[in-house]
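For the sequence shown, our numbering gives the first residue as 213, with consecutive numbering after it. Glycine is no exception: its CB is placed at the ideal position from the N, C-alpha and C atoms.
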Amino acid sequence: MSTLKVQLGERSYPIYIESGVLSDGARLNRHIKGNQVIVVSNTTVAPLYLEGLCASLDPALQISRVLLPDGEAHKTVEVLGRIFDTALQDKHNRSTTIVALGGGVVGDMAGFAAASYQRGVNFLQIPTTLLAQVDSSVGGKTGVNHPLGKNMIGAFYQPQAVFIDPDVLDTLPHREYAAGLAEVIKYGLICDPAFYEWLQHHRDDFVARDKTVLGEAIRRSCVAKARVVAEDEREGGVRAILNLGHTFGHAIEAAQGYGTWLHGEAVSAGMVLAAKLSMNQGWITDSEVARLVQWLEAMSLPTSPPDDMSVATWTEHMLRDKKVLDGRLRLVLLAQIGEACIVDNLPQAELEAFIATFSAA
Ligand code: NAD
Ligand code: GLY
């Protein structure tokens, strides 16, 4: 068992990482405040884990279940309303606890519901994808997509605890697993060169889903995320480095239609673009870029963007990025492998010339 802590003063919270934690009733019940619970899951995860979870909760609790349709395309304001419908129909009051059981889509939506239902209720995260375990369940970003932009409607709202059970990854399809690995590699690239090397060394163990290696990778990823979030909870500065590859990635996701590219896949291709742009600045070498590309390819992750997006489409989407300040795009690049930097003075012409090298006419 590893227990980490996200240090945010009175909103600090634990991250429990342990095989079997999903059925650790005593621990779960300790973090439920009132006598009502709303478990939010989806139609894929619920048949696998929902009833097991509910069985480990205190039998005296009133438990409502909300099953969302599966997929990024359903991460919308309209579908979010279903959580409020159940909460109100089942008469949940302000002391209810919303529990997210699922991947990042469920976690982001349940978190936003927790932030806004009766102006904020208790919230627990039980992430069931690798991506959600290493990234989205920690740090309090919640929200939904808008057709014009990814995660454009939401709130910062921290959970009261995060329960990570690596065993649930046994049922995760390879494509989803690989997408999560892209975010793991991201931590090495942005802030932990030793972790980057360690991950490369254990490349094959990852493919084999070796439990020890996986547990350690989840732990180190959560340590990195918790540290950055503690320093800059609402992304006034350093937290932006967690978005390496995301400005390009979010543009891909929105332009291709949500769900066509998985989030982690778009981040994978986006990280390669960020690495190439960093190479153009002379900060990292072409062999370092090639090593990253080869590694991502070995994990069956995309390393180049779709070829049907024009320069205009790219720039339109990129300028809607939440890191744009006063009309100026801020990009996360690599000062070196293991150290990200935020660049806000790249000339527009240089960015467009770079985009032109991989976009459709
Ligand atoms: P997801 O939630 O769509 O889950 C991926 C797929 O795996 C889904 O089909 C899901 O039903 C299925 N699944 C989940 N757990 C499973 C399990 N244990 N066994 C079998 N199938 C399982 O996608 P994701 O990759 O987890 O999350 C992506 C989302 O997270 C995006 O919307 C992205 O914007 C968001 N995100 C948020 C943050 C944040 O800080 N809040 C960070 C990164 C990503
Ligand atoms: N995934 C980016 C962040 O949490 O800030």
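Asked                                                                                                            : Found
C434 versus I549, I229, S224, L220, residue with shortest Cα-Cα distance                                         : I229
Near the ligand GLY: R331 beta-carbon under 6 Å from a heavy atom                                                : no
Cα-Cα separation between W473 and L485, rounded to whole angstroms                                               : 16 Å
Assigned exposure category for P378 - 16 Cβ within 10 Å defines buried                                           : buried
Cβ shell of G319 (< 7 Å), same chain only, five flanking positions each side left out                            : A312, Q337, P339, A344, S348, S349
Where K488 falls, given that 16 or more other Cβ within 10 Å makes a residue buried                              : buried
Among D236, M321, V218, nearest to I250 - alpha-carbon criterion                                                 : M321
Close-in-space but distant-in-sequence residues of the same chain around I549 (CB under 7 Å, 5 per side omitted) : L401, P405, Y408, I496, E500
Residues bridged to I430 (per DSSP)                                                                              : I430 pairs with nothing; no bridge assigned.
Strand pairing of Q412, partner residues [DSSP]                                                                  : Per DSSP, none; premise fails for Q412.
Alpha-carbon to alpha-carbon, M213 and Q372                                                                      : 18 Å
Inter-stretch contact (C-beta, 8 Å, three-pair minimum) for the segment 461-470 and the segment 519-530          : yes
Alpha helix (DSSP H) segment containing T525, residue limits                                                     : 523-530
For I430, the nearest candidate out of R451, V396, G293, A510 (CA to CA)                                         : V396
Nearest to L541 (by Cα), restricted to the options G323, H413, E564                                              : E564
C-alpha gap between V233 and F375, whole angstroms                                                               : 7 Å
Proximity test, H475 beta-carbon vs the ligand NAD heavy atom, cut-off 6 Å                                       : yes
F324 (DSSP reduced to helix, strand or coil)                                                                     : helix
Those residues which DSSP pairs with R540 across a bridge                                                        : L537
Residue interval of the alpha helix (DSSP H) (run including S253)                                                : Careful: S253 lies outside any alpha helix (DSSP H), inside the beta strand (DSSP E) at 248-254.
Where the beta strand (DSSP E) through Y228 begins and ends                                                      : 225-229
Collapsed DSSP secondary structure at G392 in the structure displayed                                            : helix
L454 CB to nearest heavy atom of the ligand GLY below 6 Å                                                        : yes
Unbroken stretches of the alpha helix (DSSP H), 4 residues or longer, contained in the segment 335-368           : none
R451 CB to nearest heavy atom of the ligand GLY below 6 Å                                                        : yes
Proximity test, D347 beta-carbon vs the ligand GLY heavy atom, cut-off 6 Å                                       : yes
Reduced DSSP secondary structure (H/G/I, E/B, other) of W507                                                     : helix
Buried or exposed (CB count within 10 angstroms, at least 16 for buried), P517                                   : buried
Beta-carbon spacing of H286, K362 below 7 Å                                                                      : no
For F375, the residue or residues it bridges with in DSSP                                                        : Y228
Reference I310, options D444, R439, L240, closest by Cα                                                          : L240
Per-residue burial, Q248 [other beta carbons within 10 Å of its own, 16 or more giving buried]                   : buried
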